[in-house]
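Residue numbers (my numbering), protein chains in the order written: chain A, 1 to 230; chain B, 1 to 258.
Ideal Cβ positions, reconstructed from N, Cα and C, are used throughout, including at glycine.
In what follows, a single structure is set out as structure tokens and then discussed.
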């Protein structure tokens with residue numbers, strides 16, 4: 001009963017932290033998911049300056065630690081460029097820039113996996129390359145990249161814990177405060193359960209999306225694919 | 001020469017090289033309105049490359065391609081030069097293409113597959129495009145499949161939808177690139193029957209095919225290609241019953257034997 005009372009006491013602070021975690025999560029997702037697309041298209045653009053810029057951008061953000069990027073934007077922008085951002089804003093900006101880079105590579109792979117015949121059929125029907133990309137290729141890509149994007153979003157839920165390093169009061173930071181204050185690790189356990197729950201919900205939702213984007217496949221095929229193993 | 005006598009496809013001295021390989025070697029060919037031309041020959045003979053050059057899926061190395069009086073590519077100097085991208089799209093809009101692997105858009109219903117380009121490219125009102133699409137589906141015998149997705153169709157049905165999709169753009173010429181090669185033998189007939197009906201309706205058709213029965217029965221003219229060249233051409237009877245070149249004689253023998 002004592003444990004229960006203790007958890008009930010720390011829970012409000014942890015839920016407050018969860019709110020911030022969710023803010024970082026949704027803001028990143030909402031902005032990075034669309035931003036990854038122009039990056040993906042730019043990375044395969046025939047016009048070299050754009051291609052080099054996009055590929056360089058992706059190399060930079062995938063090739064350095066996320067935490068370092070966070071520190072750079074929060075601590076170094078004020079020093080070198082005199083730009084001081086609130087912690088939460090700095091955190092979201094860093095996450096968006098970083099996740100857009102990862103997502104763009106997933107999109108690029110997805111777009112590249114669409115058969116050449118689809119482009120040829122579209123061209124022969126007189127569609128412009130823009131109409132082909134947005135009407136024919138990308139809608140087919142969505143379903144293919146969904147599992148990989150889900151993977152990224154699950155990583156994102158956990159990566160948000162990094163924002164505590166620049167003092168954002170998220171679930172991670174608030175649970176650590178409780179642990180330091182009370183000398184009990186119970187808060188970590190509760191935090192772990194909350195992270196886990198968030199990801200369970202997320203996974204369920206992504207299965208639902210996969211199903212939805214497979215509407216055009218025959219029902220039998222869909223069932224078959226879901227249960228390839230017996 | 002009267003306007004109607006002008007060939008709808010004119011290919012002059014076309015050569016196409018892939019690196020050191022010469023896929024098309026100085027090919028010339030004219031196709032007239034309403035003609036059905038079958039192109040036969042062993043694999044690697046350049047049949048598909050020739051077809052794909054006509055609607056710019058392959059770019060030729062030298063020579064000239066003129067579609068309905070409009071130049072697609074010409075060779076004023078030593079290399080083929082193409083007209084602007086916009087003109088290419090406009091010229092190739094006159095040409096429909098049917099692929100071996102159908103290439104239907106899997107995320108769209110059959111109806112949407114057919115109406116997509118007319119609505120987007122020709123700016124047809126949706127109702128008009130859909131009415132036309134239903135008429136075409138009926139023509140290919142699939143009026144009950146309007147709302148089905150391609151994955152729910154058999155290969156033969158997919159190809160018939162692809163033909164309806166091509167026809168929806170109202171092309172002056174239809175190109176068929178081995179339209180029945182990916183189908184089970186027992187269902188090639190349903191696709192060939194649709195093509196035969198098109199030929200009878202005076203659609204101009206260029207068909208790369210291994211179906212000698214179709215070439216013999218439906219084509220007005222048969223072209224035999226080998227090594228990137230047109231080796232022999234003539235009416236079906238002449239090609240199949242009185243082949244002149246040794247290559248064609250060997251080819252026909254090998255087909256009959258198999």
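Nearest-angstrom Cα separation, counted from residue j out to residue i
i, j, result
"residue 89 of chain A", "residue 23 of chain A", "11 Å"
"residue 29 of chain B", "residue 10 of chain B", "6 Å"
"residue 43 of chain B", "residue 99 of chain B", "16 Å"
"residue 45 of chain A", "residue 53 of chain A", "10 Å"
"residue 78 of chain B", "residue 15 of chain B", "11 Å"
"residue 74 of chain B", "residue 65 of chain B", "7 Å"
"residue 202 of chain A", "residue 59 of chain B", "48 Å"
"residue 187 of chain B", "residue 34 of chain A", "44 Å"
"residue 13 of chain A", "residue 123 of chain A", "57 Å"
"residue 176 of chain B", "residue 161 of chain A", "58 Å"
"residue 174 of chain B", "residue 121 of chain A", "13 Å"
"residue 109 of chain A", "residue 102 of chain A", "11 Å"
"residue 238 of chain B", "residue 132 of chain A", "44 Å"
"residue 195 of chain B", "residue 63 of chain A", "56 Å"
"residue 145 of chain A", "residue 47 of chain B", "37 Å"
"residue 57 of chain A", "residue 122 of chain B", "39 Å"
"residue 249 of chain B", "residue 36 of chain B", "23 Å"
"residue 133 of chain B", "residue 193 of chain B", "19 Å"
"residue 57 of chain B", "residue 66 of chain A", "44 Å"
"residue 233 of chain B", "residue 104 of chain A", "52 Å"
"residue 85 of chain B", "residue 211 of chain A", "39 Å"
"residue 221 of chain B", "residue 235 of chain B", "4 Å"
Close beta carbons around residue i, own chain, < 6 Å, minus the five adjacent residues each side
i, result
"residue 145 of chain B", "110"
"residue 83 of chain A", "77"
"residue 152 of chain B", "none"
"residue 99 of chain A", "28 and 32"
When the options are compared against residue i, the one with the closest alpha-carbon
i, options, result
"residue 6 of chain B", "B/33, B/16 and B/183", "B/33"
"residue 93 of chain B", "A/63, A/114 and A/126", "A/126"
"residue 138 of chain A", "A/106, A/98, A/172 and A/193", "A/106"
"residue 198 of chain A", "A/213, A/217, A/157 and A/173", "A/157"
"residue 111 of chain A", "A/9, A/98, A/135 and A/92", "A/135"
"residue 179 of chain B", "B/106, B/226 and B/166", "B/166"
"residue 113 of chain A", "A/142, A/99 and A/63", "A/142"
"residue 203 of chain B", "B/211, B/232 and B/219", "B/219"
"residue 63 of chain B", "B/45, B/24 and B/52", "B/24"
"residue 231 of chain B", "B/241, B/247, B/17 and B/169", "B/247"
"residue 128 of chain B", "B/108, B/169 and B/107", "B/169"
"residue 130 of chain A", "A/38, A/29 and A/2", "A/38"
"residue 27 of chain B", "B/51, B/191, B/19 and B/20", "B/51"
As assigned by DSSP and simplified to three states, the class of residue i
i, result
"residue 96 of chain B", "strand"
"residue 102 of chain B", "coil"
"residue 33 of chain B", "coil"
"residue 197 of chain A", "helix"
"residue 5 of chain A", "helix"
"residue 178 of chain A", "helix"
"residue 113 of chain B", "helix"
"residue 58 of chain B", "coil"
"residue 74 of chain A", "helix"
"residue 114 of chain A", "coil"
"residue 83 of chain B", "coil"
"residue 1 of chain B", "With a pLDDT of only 44 at residue 1 of chain B, under 50, the local geometry of the prediction cannot be trusted, and the value read off the model is given with reservation. Coil, per DSSP."
"residue 226 of chain B", "strand"
"residue 42 of chain A", "helix"
"residue 168 of chain A", "coil"
"residue 21 of chain B", "strand"
"residue 15 of chain B", "strand"
"residue 45 of chain B", "coil"
7 Å Cβ shell around residue i - same chain, five flanking residues per side excluded
i, result
"residue 18 of chain A", "171 and 194"
"residue 2 of chain B", "In this predicted model, residue 2 of chain B has a pLDDT of only 46, less than 50, meaning its place in the structure is not dependable enough to derive any value."
"residue 91 of chain B", "67, 70 and 72"
Chain D contact residues for residue i, given Cβ-Cβ distances below 9 Å
i, result
"residue 31 of chain B", "Among the protein chains in the structure shown, which are A and B, there is no chain D."
Own chain residues within Cβ distance below 8 Å of residue i, not counting five before or after
i, result
"residue 185 of chain A", "179"
"residue 130 of chain B", "111 and 115"
"residue 103 of chain B", "162"
"residue 171 of chain B", "93, 94, 95 and 96"
"residue 164 of chain A", "170, 172, 173 and 176"
ask   = Got a sec: which bits of the stretch 169-196 of chain B sit with their beta carbon under 8 Å from any beta carbon on chain A, in order along the chain?
value = 169
Where the stretch 129-156 of chain B meets chain A: residues whose CB sits under 7 Å from a CB there
149, 151 and 152
### Query
In chain order, what residues of the stretch 139-173 of chain A put their CB closer than 9 Å to some CB of chain B?
139, 140, 142 and 143
Inset, instruction - Closer than 7 Å, Cβ to Cβ, to anything on chain A: give me those residues from the stretch 99-112 of chain B, in chain order. - result: 99, 101, 103, 105, 106 and 107
inquiry  = Can you pull out the residues from the stretch 84-114 of chain A whose beta carbon lies closer than 9 Å to at least one beta carbon of chain B?
reply    = none
Mind checking the stretch 123-137 of chain A against chain B and listing, in chain order, the residues whose C-beta falls within less than 8 Å of any C-beta there? 123, 124, 125, 126, 127, 128, 131, 135 and 136
Can you pull out the residues from the stretch 201-218 of chain B whose beta carbon lies closer than 7 Å to at least one beta carbon of chain A? none
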